[in-house]
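Trainee: What follows is a structure written as structure tokens; I'll ask about it next.
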Amino acid sequence: MKIIRLASYGEPDQVARCVEQPDPAAPSPGEALFDVLAFPINPADLAFCRGQYRLRPPLPTTPGAECVGRVTAIGEGSNTCRSATWSSTCSARTGPASGAATRSI
């Protein structure tokens, strides 16, 4: 899969790179795999790239707090979503810095 990766903080056009990363593992119980299809770039994302956002995770990290996509797989025991469900999501930027596409549900 492709992700946007920051190896350092600075001007977004100089520090944000599209890189290949291995696909995430199958979701564990209580998790879902979410395929991101589109995401906006807003002023908070620009501040995040510059290291001026209220959260500044260790590098490398992945910017972005909202997206549109679909659930592509669900972990055992999940009853709150179904595979192929279209959705939008918003993150508090508290997930793993790896850009993994799995999240607890």
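Following the working numbering, the numbering of the sequence shown begins with 3 at its first residue and continues without gaps.
No residue lacks a Cβ here, since even glycine has one placed at the ideal position from N, Cα and C.
Please read all numbers here as calculations on a predicted model, not as lab measurements.
What does the alpha-carbon distance come out to for the pair G79 and S30?
Mentor: 9 Å
Trainee: Looking at C-alpha atoms only, which residue of P14, P60 and D37 is the closest neighbour of I76?
Mentor: D37
Trainee: Take C51 and list the residues in its own chain whose beta-carbon comes closer than 8 Å to its own, dropping the five residues that flank it on each side.
Mentor: L8, Y11, G12, E13, P14, V17, A18 and P65
Trainee: Could you check if E33 is buried or exposed, using at least 16 other CB atoms within 10 Å of its CB as the buried criterion?
Mentor: buried
Trainee: Could you check what DSSP says for R56 in three-state terms: helix, strand or coil?
Mentor: coil
Trainee: Between the alpha carbons of A27 and P45, how many angstroms are there, rounded?
Mentor: 32 Å
Trainee: Can you give me the C-alpha to C-alpha distance between T74 and G53, rounded to a whole angstrom?
Mentor: 32 Å
Trainee: R72 and L39: beta carbons closer than 8 Å?
Mentor: Contact flag set, yes.
Trainee: Going by other Cβ atoms of all chains shown within 10 Å of its Cβ, with 16 needed for buried, is L61 buried or exposed?
Mentor: exposed
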